[in-house]
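Worksheet: one structure, shown below.
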Amino acid sequence: MTTARRRLPSAWHLVLLPVALVMAAPLIWMVLTSVSTLAETRRFPPGLPSSVHLGSYATAWNDSPMAHWLWNSALVSVTCVVSNLVLCTLAGYAFARLRFPGSRVAFLAILATLMVPFQVVMIPTLLIVKHLHLVDSLPALVLPNLATPFGIYLLRQFFLSLPLELEEAALMDGAGRLRILRSILAPLMGPPLTTVAVLTFLSVWNDFLWPLVVIAAPGKMTVQLGLATFTSAHYTNWPVLMAATVISQVPVLVMFLIGQRWFVQSIASTGIK
Amino acid sequence: MTGWAMVSPSVVLIGVFGVLPVLWAFWLSFQHNDLQTPGQWAGLDNYRQLAHDPVFRESVKHTLVYTLLFVPITLVLSLLAAAALNRRVRGITLYRLAVFVPVVTSTIATGVIFTWLLDPDYGLVDTVLGKLGLPTSGFFSSPHSALFAVVIMTVWGWVGFGALIFLAALQGIPQDLLEAAQMDGCTRAGAFWRIEVPLLRPVSGFLLVWLTINSLQLFDEVYVTTKGGPLHATTVVVYYLYLQAFQFFHAGYAAAIAVVLFAVIALITLVQLRLTRDPTTAGGRQ
Amino acid sequence: MRRYPCLLVVGALAAGVLTACGGSSGDSGSTTIVVTHGYTDMEAKAIQAAAASWNGLHPDEKVSLQFNGGNDSALQKTVAGFTAGNYPDVAYEYGSSAAQLAKQPKVVDLTSKVASSSFDWNDFYPSEREAATVDGKVVGIPALVDNLALVYNKKLFAQAGIAPPTNDWTWQDFRDAAQRLTDAGTHTYGWAYVNDGSEDTVWRYLAMLWQAGGSLLSSDNTAPAFDSAAGKAALEQLYEMAVVDKSVYLDNGNGQYLNLFNSGKIGMLWTGPWDLSSINANVSYGVTYLPGDNGDHETISGPDLYMLFDHSSARSKAAFDFVAWLTSAKEHIKFAIATGDLPLRESETKLPQYQTFLRKYPAEKVFVANLNNVKHVRPNIPDYAEVSQAIGTMVQSVLLGQASPDDALKTASSQVTSALAGS
Numbered sequence: 012m013t014t015a016r017r018r019l020p021s022a023w024h025l026v027l028l029p030v031a032l033v034m035a036a037p038l039i040w041m042v043l044t045s046v047s048t049l050a051e052t053r054r055f056p057p058g059l060p061s062s063v064h065l066g067s068y069a070t071a072w073n074d075s076p077m078a079h080w081l082w083n084s085a086l087v088s089v090t091c092v093v094s095n096l097v098l099c100t101l102a103g104y105a106f107a108r109l110r111f112p113g114s115r116v117a118f119l120a121i122l123a124t125l126m127v128p129f130q131v132v133m134i135p136t137l138l139i140v141k142h143l144h145l146v147d148s149l150p151a152l153v154l155p156n157l158a159t160p161f162g163i164y165l166l167r168q169f170f171l172s173l174p175l176e177l178e179e180a181a182l183m184d185g186a187g188r189l190r191i192l193r194s195i196l197a198p199l200m201g202p203p204l205t206t207v208a209v210l211t212f213l214s215v216w217n218d219f220l221w222p223l224v225v226i227a228a229p230g231k232m233t234v235q236l237g238l239a240t241f242t243s244a245h246y247t248n249w250p251v252l253m254a255a256t257v258i259s260q261v262p263v264l265v266m267f268l269i270g271q272r273w274f275v276q277s278i279a280s281t282g283i284k
Numbered sequence: 143m144t145g146w147a148m149v150s151p152s153v154v155l156i157g158v159f160g161v162l163p164v165l166w167a168f169w170l171s172f173q174h175n176d177l178q179t180p181g182q183w184a185g186l187d188n189y190r191q192l193a194h195d196p197v198f199r200e201s202v203k204h205t206l207v208y209t210l211l212f213v214p215i216t217l218v219l220s221l222l223a224a225a226a227l228n229r230r231v232r233g234i235t236l237y238r239l240a241v242f243v244p245v246v247t248s249t250i251a252t253g254v255i256f257t258w259l260l261d262p263d264y265g266l267v268d269t270v271l272g273k274l275g276l277p278t279s280g281f282f283s284s285p286h287s288a289l290f291a292v293v294i295m296t297v298w299g300w301v302g303f304g305a306l307i308f309l310a311a312l313q314g315i316p317q318d319l320l321e322a323a324q325m326d327g328c329t330r331a332g333a334f335w336r337i338e339v340p341l342l343r344p345v346s347g348f349l350l351v352w353l354t355i356n357s358l359q360l361f362d363e364v365y366v367t368t369k370g371g372p373l374h375a376t377t378v379v380v381y382y383l384y385l386q387a388f389q390f391f392h393a394g395y396a397a398a399i400a401v402v403l404f405a406v407i408a409l410i411t412l413v414q415l416r417l418t419r420d421p422t423t424a425g426g427r428q
Numbered sequence: 307m308r309r310y311p312c313l314l315v316v317g318a319l320a321a322g323v324l325t326a327c328g329g330s331s332g333d334s335g336s337t338t339i340v341v342t343h344g345y346t347d348m349e350a351k352a353i354q355a356a357a358a359s360w361n362g363l364h365p366d367e368k369v370s371l372q373f374n375g376g377n378d379s380a381l382q383k384t385v386a387g388f389t390a391g392n393y394p395d396v397a398y399e400y401g402s403s404a405a406q407l408a409k410q411p412k413v414v415d416l417t418s419k420v421a422s423s424s425f426d427w428n429d430f431y432p433s434e435r436e437a438a439t440v441d442g443k444v445v446g447i448p449a450l451v452d453n454l455a456l457v458y459n460k461k462l463f464a465q466a467g468i469a470p471p472t473n474d475w476t477w478q479d480f481r482d483a484a485q486r487l488t489d490a491g492t493h494t495y496g497w498a499y500v501n502d503g504s505e506d507t508v509w510r511y512l513a514m515l516w517q518a519g520g521s522l523l524s525s526d527n528t529a530p531a532f533d534s535a536a537g538k539a540a541l542e543q544l545y546e547m548a549v550v551d552k553s554v555y556l557d558n559g560n561g562q563y564l565n566l567f568n569s570g571k572i573g574m575l576w577t578g579p580w581d582l583s584s585i586n587a588n589v590s591y592g593v594t595y596l597p598g599d600n601g602d603h604e605t606i607s608g609p610d611l612y613m614l615f616d617h618s619s620a621r622s623k624a625a626f627d628f629v630a631w632l633t634s635a636k637e638h639i640k641f642a643i644a645t646g647d648l649p650l651r652e653s654e655t656k657l658p659q660y661q662t663f664l665r666k667y668p669a670e671k672v673f674v675a676n677l678n679n680v681k682h683v684r685p686n687i688p689d690y691a692e693v694s695q696a697i698g699t700m701v702q703s704v705l706l707g708q709a710s711p712d713d714a715l716k717t718a719s720s721q722v723t724s725a726l727a728g729s
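Top to bottom, those sequences are chains A, B and C. The working numbering applies: residue 12 is where the first sequence begins, and numbers increase by one. The working numbering applies: residue 143 is where the second sequence begins, and numbers increase by one. The working numbering applies: residue 307 is where the third sequence begins, and numbers increase by one.
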C-alpha cells in the first residue's frame, strides 16, 4: 500500500482550491466582519477592514455568559452523539440484516417522522415534555434527539453496502450479532460512524427553535439562543455577532477535524471471495 | 428476538417524540384551532378550503419546481466533490473542511452573504456578469428569479453534506478492486464511473430520499432571505404553513397543510425507495 | 436507554448548578415574577439596571428577567409557553400581536387598573393607548412608541445643490428632490422603501393613505375601505416615484438601505428613531416630518406593549406594580436617556431630565414633536395579519412594476374581504 512519492504538487489543487474558496467564503466573510469596526460593517458594498480589531471577541466573550452557553450546548450535543452512535448502530444493523415481524412498518414509521415540519409538531412535543415534567431543562433538549432517523437510515444503508460474506463465516460459527458488530463490522464503519457523529453534533448544536420554546431560564440557554442576544429587530452589532458566531462554530469544525482521524480508507479486502 | 431487542430503544424514543406528535398534528387538522382558545371540530372544512386556496396551489408549484432543481443538482455536485476529495493530496483535510463549512455556517450568515452577493445593484455576481456582457438577474429582488436564487444558495449549502456522505462511502470501497481494474487497463475515471459509482447505490438512494424530503420542506433559507416574496414567488409549502400557524393563528389549517404535505412526501419517498430497489419496499431476502 | 440514568444525573446537576428560575409565590410572602423581553445591547443593560433597582426597593416582589430569543420570536415563544406552562408574568410583545394574544384567557384585563388616577392612563400618547386596547379592553401597557419621519443625508443634498427638506415640504418637493438625487450611473437613489411585503412595507403606505384622506377598513372593521380614490392616489404616488422616476431603492427586508445610506448611496429614508444609532458618525443627517400636502404631515406610529399573563393574584399584582413603575415618567425618562427610546408619557417631556435626553439625542426632538402628527392607528383585530399580507403584496406589486395601481387595489380588496369574512 505504498504510494509513489511525488515531488510536484498534485494538479488536483487547481480544482480543489477555487472550490474550497467558494465554499469557505462565508466563513472568511464572518471572520473579516468580526475583526472590523462597527462603522466599517455599516457600509455597502462591504469592504475589507482597515486593521484587525479583536475587541469584538473580547466583548462577545466577556459581556455575555458565552462560556456557559457553550457548556450547555456541548453537554447536550455530546450526549446525543454518544447515544446516537450506540442506538443507531444497533437499529441500523437490525433493519439492514435482520428479519423480524413489523420491521418494515417500524422503519417506515421512523422515516415518516421526517415528513412533517417541526413547526407543526413543536407544540405536541412540548406537551409531551410537559407531561414528563421536563420543561425548561437540559434533558428536554436531549431526549428527542437520543436516536435520530438520520442516523438509523444512514447506518442501515452502510450496513447494506457491506458484503454478506463478511458475516456469514462468523454466523456459521455461532457468533452472536453483537459480537459480529463489534469485532467484524465496527472497524469498517469508521467513515459512516464519523459522519453520523459529526452531523448529529451539528444538528443538535445548531438547533434554535426547539430550545427557544422549551428553555426559559437564562442559565439553561444554549449557544444558538445566546447568539440571538447579539441581534435585535432593528439594530445588530455585526462585528460582535460575527465574533460570537465564529466562536460558536469552532466546536463543530473541531469535531470535524477530530473525526477525520477515523475517516480512513477501508482496508477490507474482498479476498473472501 | 434479537431484531426487536436492537431496535426497541430507538423505536420507543422516536415513537414518543416523533410519531405521537405527528398523530396529534393529524388530529389537529380536523379542527379550527388558534392555539389560544379551545379548538372546535371542523371535520373536513380545512381540507375543503385548502382545495380552493390559490396561494396554497402556488406554494405547491414553487415547492415542486424548487425540489426538481435542487435535488439532482446537489446530488451530482456532491458526487463530483466527493470524487475530488477522495485523493491523497497534501492538505486534503483542509479542503474537506472547506467544503464542509457551508453546512456548518448558520443560515443567517448564509442569507446575509448571498443577499449581498446576488444584489442586483451592488452584488459581485451581477457586476461580473455585466462586465462580461452577460445578462444580469434580479436574483432575490425579482419575482421571476427569486426561486432560482434560493436554489443557488441552498445547493451551495448542501453540497458539503452530500460530499461528506459520498466520501464516507467511497472510503469503504476496497482499494484492491480499483487496483485490479486499473491493471486490466481501466482508466482512473473509468474505474470511478464503472466500479465505484454503482457500489454507491445504497448511499445514493439514501441521499436522494434525504435531499427530497428536506427540499420539500424548505423553510429556513426562505425565512432569512425573501420571507416568501417577492410577491409570493418563494412562498413554499412550509413557509405558507408557518404563516398560517404563527402569523394568522389558523393552526388547524396549518396542520391540514402539513398532512397534505406528508402525503405527498410519503408517496414520493415510497416511489424513490422502489426505484432504487431499496429492500424496504422490494420485499424478499435482504 | 442505559444512558437515561446518566442523563437524569447530568440534568439534575445542571439544574442544581444553574439559577432556579420560573416565578414563584413563596409562602414567606415573597413573590418572584418572570419578565421576558427582547432587549439587546444598551437596551438590555438598561432593563437589567431597572430590574436591579426595583429588586432593591422591593425584595418581596422580585423580578427575574428572561431573554425571549429576540422580539421576532416573541409571539411564537409566548404561544408555545401557554402550552408548556412556562409562560411569563410579563412579556414584551409587538403591538401587532396584541389582538391575537387578547384571545388568550390568561391575559390580564388591565382596564380597571389603568383607570386609576395615579396611573394616569391619558398621559400616554393616544396611539399607544389605542394599540393597547382590543375590543374595548386594555390588554397591555405601552413599552415603546415611535413614528416615521424623513431622515436625509445633508451632504448629498448640498452636493446636488438642492434645498434640504423642511417640516413643510409638499409631496412634489419630495418627489423632485428624490429625482434629482438619483443617479443611475453610480447606483445612487433619492429614496429607499422597504419592499419585502411585510408590515414594514404596509405601514409606510398607510401613512400616505391616511394623508390622502382614506382609511384602511370600514369603521366596524368588517370591510375594506382602502380601495377608494385616496387609496389609489397613494399607490399612484409610489408608482410614479418607483416605476416612472426610478428614484426609489427597493430594499428587500434585510436592512441594506441603512448601509447604503451610510455609504452615501441613498438620499432620504422614511424611518424611525431605532435606525439613528446605526447611522455612522461621519454621516451628517437631518430629520423632518414626512412630506405632505395642505399642511397635513400625518405619520404612523408602531407602539409595542408589555402584556401581563395570570399565574396567581399575588404575581399579577406584582407584575402590574413593576410595569407601572417601569413605565412611570420618572423611571422611563432614565430608560429613554440610556437607550434613545422616545418618551412614553407626555409628562416626561416636562421633566428636567428631558433636556438631558435632548442633548444626548438632538435628532429625536423632531420624532417627539412628530408624535402629535399621529392621527390614525391600525385596526387592532385578530385578522390584521392577513389584511397586512394583502396590502403588503399590493404595494410590492406596484413598486416592482408588476401591477397597475387599479389592478393591485382590486386584488387586495377581494383578498381582504375574504380574510375578514371567513376563517
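Note that the Cβ used here is the ideal one computed from N, Cα and C, for glycine as well. Note that the coordinates shown come from a computational prediction; the quantities given were computed from them, not determined experimentally.
Handout entry: Reference L383 of chain B; option with closest CA among B:S152, B:W183, B:T205 and B:V149
Key = Against the second sequence, residue 383 of chain B aligns to sequence position 241. Ranking B:S152, B:W183, B:T205 and B:V149 by Cα distance to L383 of chain B puts B:T205 first.
Exercise for the section: Note down, in chain order, every chain B residue with its Cβ under 7 Å from the Cβ of E692 of chain C. Expected result: Counting from 1 along the third sequence, the entry for residue 692 of chain C is found at position 386. Under the 7 Å cutoff, chain B gives F390.
Exercise for the section: Report buried or exposed for S220 of chain B, applying the criterion of at least 16 other Cβ atoms within 10 angstroms of its Cβ. Expected result: Walking along the second sequence from the start, residue 220 of chain B turns up at place 78. Buried, by the Cβ-count rule.
Practice task
Measure the alpha-carbon distance for Y690 of chain C versus A529 of chain C and round it to whole angstroms.
Solution key: In the third sequence, residue 690 of chain C corresponds to position 384, counting from 1. In the third sequence, residue 529 of chain C corresponds to position 223, counting from 1. Using only the alpha carbons, I get a separation of about 12 Å.
Problem - L614 of chain C - containing alpha helix (DSSP H), residue span - result: Position 308 of the third sequence, counting from 1, holds the residue named residue 614 of chain C. Here L614 of chain C belongs to no alpha helix (DSSP H); instead the beta strand (DSSP E) covers D610 to L614.
Problem - Through-space distance from G401 of chain C to L186 of chain B, alpha-carbon basis - result: In the second sequence, residue 186 of chain B corresponds to position 44, counting from 1. In the third sequence, residue 401 of chain C corresponds to position 95, counting from 1. Straight-line Cα distance between these residues: approximately 34 Å.
Handout entry: Spatial distance of H617 of chain C from K412 of chain C (CA atoms)
Key = One-based indexing of the third sequence puts residue 617 of chain C at position 311. One-based indexing of the third sequence puts residue 412 of chain C at position 106. One C-alpha to the other measures close to 8 Å.
Handout entry: Short CB-CB distance (under 8 Å) between G157 of chain B and chain C
Key = One-based indexing of the second sequence puts residue 157 of chain B at position 15. With 8 Å as the cut-off, G157 of chain B does not count as an interface residue toward chain C.
Practice task
Determine the closest residue to T269 of chain B out of C:G491, C:Y458 and C:F615, with distance taken between C-alpha atoms.
Solution key: Numbered from 1 along the second sequence, position 127 holds the residue referred to as residue 269 of chain B. Taking only the C-alpha atoms, the option nearest T269 of chain B is C:G491.
Practice task
Report back the beta-carbon spacing between S171 of chain B and G394 of chain B to the nearest angstrom; my notes put them in contact at under 8 Å.
Solution key: For this step, residue 171 of chain B is matched to residue 29 along the second sequence. For this step, residue 394 of chain B is matched to residue 252 along the second sequence. Contact flag correct, Cβ pair sits at about 6 Å.
Exercise for the section: Closer than 7 Å by C-beta to V263 of chain A: which residues in its own chain qualify, once you throw out the five before and the five after it? Chain order, please. Expected result: For the purposes of this step, residue 263 of chain A is identified with residue 252 of the first sequence, where counting begins at 1. Hits under 7 Å: F212, L213 and W216.
Handout entry: Assigned secondary structure, A587 of chain C (DSSP; H/G/I helix, E/B strand, else coil)
Key = What you label residue 587 of chain C is simply residue 281 of the third sequence in a count that begins at 1. If DSSP states are grouped into helix, strand and coil, A587 of chain C belongs with coil.
Exercise for the section: Taking all protein chains shown into account, decide if A355 of chain C is buried (16 or more other Cβ within 10 angstroms of its Cβ) or exposed. Expected result: As a first step, residue 355 of chain C is located in the third sequence; it is residue number 49 there, counting from the start. Exposed.
Practice task
Could you name the residues of the stretch 405-417 of chain C whose beta carbon sits closer than 8 Å to any beta carbon of chain B, in the order they occur along the chain?
Solution key: Q406, L407, K409, Q410 and P411
Handout entry: CB contact check: T337 of chain C to chain A, cutoff 8 Å
Key = Locating residue 337 of chain C in the third sequence gives position 31, where the first residue counts as 1. No, because no Cβ of chain A sits closer than 8 Å to the Cβ of T337 of chain C.
Exercise for the section: Report the option in C:L705, C:D627, C:P668 and C:L614 whose CA atom is closest to the CA atom of K409 of chain C. Expected result: Locating residue 409 of chain C in the third sequence gives position 103, where the first residue counts as 1. Checked all of C:L705, C:D627, C:P668 and C:L614; the closest Cα to K409 of chain C is C:L614.
Handout entry: C-beta atoms of I134 of chain A and F159 of chain B nearer than 8 Å
Key = Residue numbering aside, residue 134 of chain A sits at position 123 when the first sequence is read from its first letter. Residue numbering aside, residue 159 of chain B sits at position 17 when the second sequence is read from its first letter. No. Outside cutoff.
Problem - Reduced DSSP category for L456 of chain C - H, G, I as helix; E, B as strand; rest coil - result: Here the question's residue 456 of chain C lines up with position 150 in the third sequence. Looking at L456 of chain C - three-state DSSP - the assignment turns out to be strand.
Problem - Three-state secondary structure assigned by DSSP to M232 of chain A - result: Your numbering for residue 232 of chain A matches position 221 in the first sequence. Correct three-state label for M232 of chain A: coil.
Problem - Residues that G160 of chain B contacts on chain A, provided the C-beta gap is smaller than 7 Å - result: Looking up residue 160 of chain B in the second sequence gives position 18. Per Cβ cutoff of 7 Å: T124.
Problem - Separation of V385 of chain C from A255 of chain A, as counted between CA atoms - result: Indexing the first sequence from 1 puts residue 255 of chain A at position 244. Indexing the third sequence from 1 puts residue 385 of chain C at position 79. Each residue's alpha carbon lies about 29 Å from the other.
Practice task
Taking A180 of chain A as the reference, give the member of A:R53, A:W273 and A:I195 with the closest Cα.
Solution key: Residue numbering aside, residue 180 of chain A sits at position 169 when the first sequence is read from its first letter. Out of A:R53, A:W273 and A:I195, A:I195 has the C-alpha closest to the C-alpha of A180 of chain A.
Exercise for the section: Say whether the stretch 221-232 of chain A touches the stretch 321-338 of chain B, bearing in mind that this needs 3 or more beta-carbon pairs closer than 8 Å, one atom from each stretch. Expected result: no
Exercise for the section: Count the other C-beta atoms from every protein chain shown that fall within 10 angstroms of the C-beta of G272 of chain B, then say buried if there are 16 or more, exposed otherwise. Expected result: The residue given as residue 272 of chain B occupies position 130 in the second sequence. Classification of G272 of chain B: exposed, given that the 10 Å Cβ count is below 16.
Exercise for the section: Quick one: give me the first and last residue of the alpha helix (DSSP H) that P163 of chain B is part of. Expected result: Taking the second sequence and counting its residues from 1, the one referred to as residue 163 of chain B is at position 21. Where P163 of chain B is concerned, the enclosing alpha helix (DSSP H) stretches over L162 to L170.
Exercise for the section: Verify the CB distance criterion: does G181 of chain B have a CB-CB separation below 8 Å to chain A? Expected result: Numbered from its first residue, the second sequence carries residue 181 of chain B at position 39. Closer than 8 Å: no.
Practice task
Determine the closest residue to F168 of chain B out of B:P151, B:N188 and B:L309, with distance taken between C-alpha atoms.
Solution key: Along the second sequence, read from residue 1 onward, the residue named residue 168 of chain B stands at position 26. Comparing Cα positions, the closest option is B:N188.
Handout entry: Inter-residue spacing [alpha-carbon to alpha-carbon] between S67 of chain A and D602 of chain C
Key = Reading the first sequence from its first residue, position 56 is the one you call residue 67 of chain A. Reading the third sequence from its first residue, position 296 is the one you call residue 602 of chain C. One C-alpha to the other measures close to 46 Å.
Practice task
Check the Cβ-Cβ distances between V385 of chain C and every residue of chain B, and say whether any is below 8 Å.
Solution key: As a position in the third sequence, residue 385 of chain C is number 79, starting the count at 1. Yes, because at least one Cβ of chain B sits closer than 8 Å to the Cβ of V385 of chain C.
Problem - At least 3 beta-carbon pairs within less than 8 Å: the stretch 592-599 of chain C vs the stretch 453-467 of chain C - result: yes
Problem - Option in B:S284, B:A387 and B:I315 with minimal Cα separation from N501 of chain C - result: Position 195 of the third sequence, counted from the first residue, corresponds to residue 501 of chain C. When each option's Cα is compared against that of N501 of chain C, the closest is B:S284.
Problem - Unbroken stretches of the alpha helix (DSSP H), 4 residues or longer, contained in the stretch 133-220 of chain A - result: 149-153, 160-172, 176-183 and 201-216
Exercise for the section: Could you tell me how far apart the beta carbons of M126 of chain A and F404 of chain B are, in whole angstroms, since I believe they sit closer than 8 Å? Expected result: Along the first sequence, one-based indexing puts residue 126 of chain A at 115. Along the second sequence, one-based indexing puts residue 404 of chain B at 262. The Cβ separation is near 5 Å, so the contact holds.
Exercise for the section: Mark T179 of chain B as exposed unless 16 or more other C-beta atoms lie within 10 angstroms of its C-beta, in which case mark it buried. Expected result: Here residue 179 of chain B corresponds to residue number 37 of the second sequence, with the count starting at 1. Result: exposed.
Exercise for the section: Would you kindly work out how many angstroms separate the C-alpha atoms of P668 of chain C and A539 of chain C, rounded to a whole number? Expected result: Reading the third sequence from its first residue, position 362 is the one you call residue 668 of chain C. Reading the third sequence from its first residue, position 233 is the one you call residue 539 of chain C. Taking the straight line joining both Cα atoms gives about 35 Å.
Exercise for the section: Identify, in the order they occur along the chain, each residue of the same chain with its Cβ nearer than 7 Å to the Cβ of A513 of chain C, setting aside the five sequence neighbours on each side. Expected result: Reading the third sequence from its first residue, position 207 is the one you call residue 513 of chain C. The answer, listed in chain order, is L454, L596, E604, T605 and I606.
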